[in-house]
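Numbering-wise, the sequence shown is residues 222 to 741 according to my numbering. Backbone N, C-alpha and C define an ideal beta-carbon position, used for all residues, glycine too. One structure is given here, and the rest of the page talks about it.
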Amino acid sequence: MATLIRSKISNVATSVSNKSQAKVSGMFARMGFQAATDDEAIGFAHCDDLDMEHRQGLQMDILKSEIGAEGSEPPSEGDIHYQRDGTGPPPSTSKDDGMCSEISGQGKPKITAWEAGWNVTNAIQGMFVLGLPYAILHGGYLGLFLIIFAAVVCCYTGKILIACLYEENEDGDVVRVRDSYVDIANACGGTRFPKLGGRVVNVAQLIELVMTCILYVVVSGNLMYNSFPNLPVSQKSWSIIATAVLLPCAFLKNLKAVSKFSLLCTLAHFVINILVIAYCLSRARDWAWDKVKFYIDVKKFPISIGIIVFSYTSQIFLPSLEGNMQSPKEFHCMMNWTHIAACILKGLFALVAYLTWADETKEVITDNLPPTIRAVVNIFLVAKALLSYPLPFFAAVEVLERSLFQDGNRAFFPNCYGGDGRLKSWGLSLRCALVVLTLLMAIYVPHFALLMGLTGSLTGAGLCFLLPSIFHLILLWRKLQWHQVFFDVAIFVIGSICSVSGFIHSLEGLIEAFRTNSED
């Protein structure tokens, strides 16, 4: 009897505690924290890309109070806790349960169009905007045109991607039948290849997550080296120091510890952008308009394409975002004004920065600032990069663990978690190895622009240009008008050319840089 009473009290305490956590998380979501967690909106991207997988039992399941115990409370709506610590009641098997329930779960508070716009703005106005002036250096006015063109195309493909979530039922009503990018991809595979599309999307997302981690290490080493050039510390050494700071990421069980810093990081980044623009405006009399070219650097301009595309990557989290809106019909309007604003701000930022430093423009524009200002600004940027790193790292770990270690009978390797939910030693070693891998890539290829261009050309163009247009044609081709078909085909062709060209040139640059660093 005493044991039963203690069990009841424990269940009630767990329910109350988890319910409180869920309310706090919901409050943060309404304030815009979800997309502010990373420059590429990794929080939402991770949720959307893995939404179906998480609902089938990916590592972060929603745990609710047991119903089986006699007299115990029914599960409280919003009771959320991660099972990584081996505590709490058994995982729920509800179809809609998963780590993203705070974003897209039923019964949770919805966000307004303005809050959704804040999410998208944070996704496409992130830290990697600092590389856009370098794109203007090699593209001139055509680079400015591409900033506008990429905004238009990404806005359009975002809308058609959401259209793929809906179908008409027997009554002729348009209903939402899919929940994520992976669901759309799997639907396009039909009955012959029901999982192929989802795997392609997951692989693309995994590559982008790992490359994003590498970029954070590269930019941290670059910024610190250029902030303190007089210190006897090389860029590689700064990267090693940054990685040492990031090594505790291997012990992460959830993202609660780092998500609370997300809004502060985002606001700090906006302040930094304003400071850079203010400094550029103070030197408006010296702007070099004659340096803006009408011709392009054929060898380096394709890399600029990847940089520009990468700065607009947001499609992967849009299905979760749209499903979480109070009024989904306002999604199109929200996409219009967010991408118009991003286009204007990015264009102005890239142009005024390039006009200020012209041919001396560096890969990371803050390296052009005077030493006194540069040190302060770069330290804030390094802090932002280090705080942002755990998000894509954790998402990449989840994909790897799910696909290779914890996919039931299809797993390639034994489960890296014990029966009590604790991470095994060799599982921890694999996480540490992933951190070290990002360090090795950052050391041997410490070129921010090349890595950003490669990622944008490979996964950015695929997720933003190619796949949405293909999926739209496959799923809705019978209902499309001729001009929609033309747009989809044109986007696919142009995106393919830009992707292949940018990938080849970026890869050539990386191989050359790798050889140079190996010789040194």
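Contacting residues, own chain, Cβ-Cβ under 6 Å from residue i (five flanking each side not counted)
{"i": "L417", "result": "G410"}
{"i": "P523", "result": "S722, G723, H726"}
{"i": "V237", "result": "Legend: pLDDT at V237 = 43, less than 50; position of this residue unreliable, value from coordinates given subsequently. Closer than 6 Å at Cβ, skipping near neighbours: no residue."}
{"i": "C375", "result": "Y533, C685"}
{"i": "G419", "result": "V403, A406, N407"}
{"i": "T680", "result": "A425, I428, E429"}
{"i": "L696", "result": "C385"}
{"i": "A574", "result": "P354, C501, I586"}
{"i": "G379", "result": "Q536, L539, M556"}
{"i": "H560", "result": "A372, C376"}
Inter-residue Cα distance where the pair is residue i and residue j
{"i": "V396", "j": "N557", "result": "23 Å"}
{"i": "N589", "j": "C434", "result": "24 Å"}
{"i": "L728", "j": "S548", "result": "43 Å"}
{"i": "V656", "j": "K474", "result": "16 Å"}
{"i": "E388", "j": "C653", "result": "44 Å"}
{"i": "Q536", "j": "K583", "result": "29 Å"}
{"i": "I428", "j": "V598", "result": "29 Å"}
{"i": "A571", "j": "G674", "result": "16 Å"}
{"i": "I526", "j": "G360", "result": "9 Å"}
{"i": "A606", "j": "L694", "result": "38 Å"}
{"i": "F414", "j": "V421", "result": "12 Å"}
{"i": "I664", "j": "V603", "result": "17 Å"}
{"i": "S678", "j": "V350", "result": "16 Å"}
{"i": "S192", "j": "P330", "result": "Nothing in the structure corresponds to residue 192, since the chain is present only between 222 and 741."}
{"i": "G352", "j": "L688", "result": "25 Å"}
{"i": "I495", "j": "W698", "result": "44 Å"}
{"i": "A682", "j": "V530", "result": "7 Å"}
{"i": "C486", "j": "T342", "result": "14 Å"}
{"i": "F615", "j": "G347", "result": "19 Å"}
{"i": "D392", "j": "K700", "result": "17 Å"}
{"i": "M273", "j": "N423", "result": "Its pLDDT being 38, under 50, M273 is placed unreliably in this model, and the coordinates cannot settle the point."}
{"i": "F366", "j": "V618", "result": "37 Å"}
{"i": "M432", "j": "H704", "result": "36 Å"}
{"i": "Y377", "j": "D709", "result": "10 Å"}
{"i": "I381", "j": "N451", "result": "52 Å"}
{"i": "K521", "j": "K550", "result": "41 Å"}
{"i": "L488", "j": "G544", "result": "26 Å"}
{"i": "F515", "j": "L569", "result": "18 Å"}
{"i": "R736", "j": "V519", "result": "22 Å"}
{"i": "V513", "j": "V620", "result": "43 Å"}
{"i": "A505", "j": "T593", "result": "20 Å"}
{"i": "S458", "j": "P469", "result": "19 Å"}
{"i": "C554", "j": "L658", "result": "41 Å"}
{"i": "P772", "j": "M662", "result": "Since the displayed the chain opens at 222 and closes at 741, residue 772 lies outside it and no answer follows."}
{"i": "Q702", "j": "W335", "result": "31 Å"}
8 Å contact criterion, which residue i and residue j should meet: CB distance rounded
{"i": "Y533", "j": "I345", "result": "5 Å"}
{"i": "V497", "j": "T587", "result": "7 Å"}
{"i": "S690", "j": "I712", "result": "5 Å"}
{"i": "R595", "j": "S503", "result": "Their Cβ separation, rounded to whole angstroms, is 15 Å, which puts R595 and S503 out of contact at 8 Å."}
{"i": "I528", "j": "L363", "result": "That belief does not hold up - the Cβ atoms of I528 and L363 are roughly 13 Å apart, past 8 Å."}
{"i": "I715", "j": "K567", "result": "No, I715 and K567 are not in contact; Cβ-Cβ is about 19 Å, not under 8 Å."}
{"i": "S401", "j": "P540", "result": "5 Å"}
{"i": "C215", "j": "F692", "result": "Any answer about residue 215 is impossible in this case: the structure gives the chain only from 222 up to 741."}
{"i": "A337", "j": "L542", "result": "6 Å"}
{"i": "V585", "j": "V440", "result": "6 Å"}
{"i": "I383", "j": "F538", "result": "In fact, because the Cβ distance is near 12 Å, the residues do not count as touching under 8 Å."}
Neighbourhood of residue i by C-beta distance below 7 Å, restricted to the same chain and skipping five residues each side
{"i": "N390", "result": "V396"}
{"i": "Q213", "result": "Examination of residue 213 is not possible in this model, given that the chain is present from 222 through 741 alone."}
{"i": "T333", "result": "Q547"}
{"i": "L660", "result": "V438, S460, I461, T464"}
{"i": "A471", "result": "L649, R652, C653, V656"}
{"i": "L467", "result": "L607, Y610, V656"}
{"i": "I600", "result": "S448"}
{"i": "L671", "result": "I524, S727, G730, L731, A734"}
{"i": "C564", "result": "I368, I369, A372"}
8 Å CB neighbourhood of residue i in its chain, flanking five on each side removed
{"i": "A562", "result": "T342"}
{"i": "L436", "result": "F349, F669, L672, M673, T676"}
{"i": "V398", "result": "L386, Y387, E388"}
Continuous beta strand (DSSP E) assignments of at least 3 residues falling wholly in the stretch 419–458:
DSSP runs (the beta strand (DSSP E)) wholly in the stretch 419–458: none.
Considering only residues of the stretch 347–401, which uninterrupted beta strand (DSSP E) runs meet the minimum length of 3 residues and lie entirely inside it, listed in chain order?
Taking 3 residues as the minimum length, the beta strand (DSSP E) runs contained wholly in the stretch 347–401 are 387–389, 395–397, in order along the chain.
Is it the case that the stretch 501–510 contacts the stretch 563–580, given that we only count it when at least three CB pairs across the two stretches are under 8 Å?
Touching, yes, given that three or more Cβ pairs across the two stretches are closer than 8 Å.
Please give me, in chain order, every unbroken run of the alpha helix (DSSP H) with length at least 4 that falls completely inside the stretch 579–617.
Within the stretch 579–617, the complete alpha helix (DSSP H) runs of at least 4 residues are 592–609.
Contiguous beta strand (DSSP E) assignments of at least 3 residues, all confined to the stretch 659–707
Within the stretch 659–707, no complete beta strand (DSSP E) run reaches 3 residues.
At what residue ranges does the stretch 518–550 contain a whole run of the alpha helix (DSSP H), taking only runs of 4 or more?
Entirely contained in the stretch 518–550, the alpha helix (DSSP H) runs reaching 4 residues are, in chain order, 522–531, 539–544.
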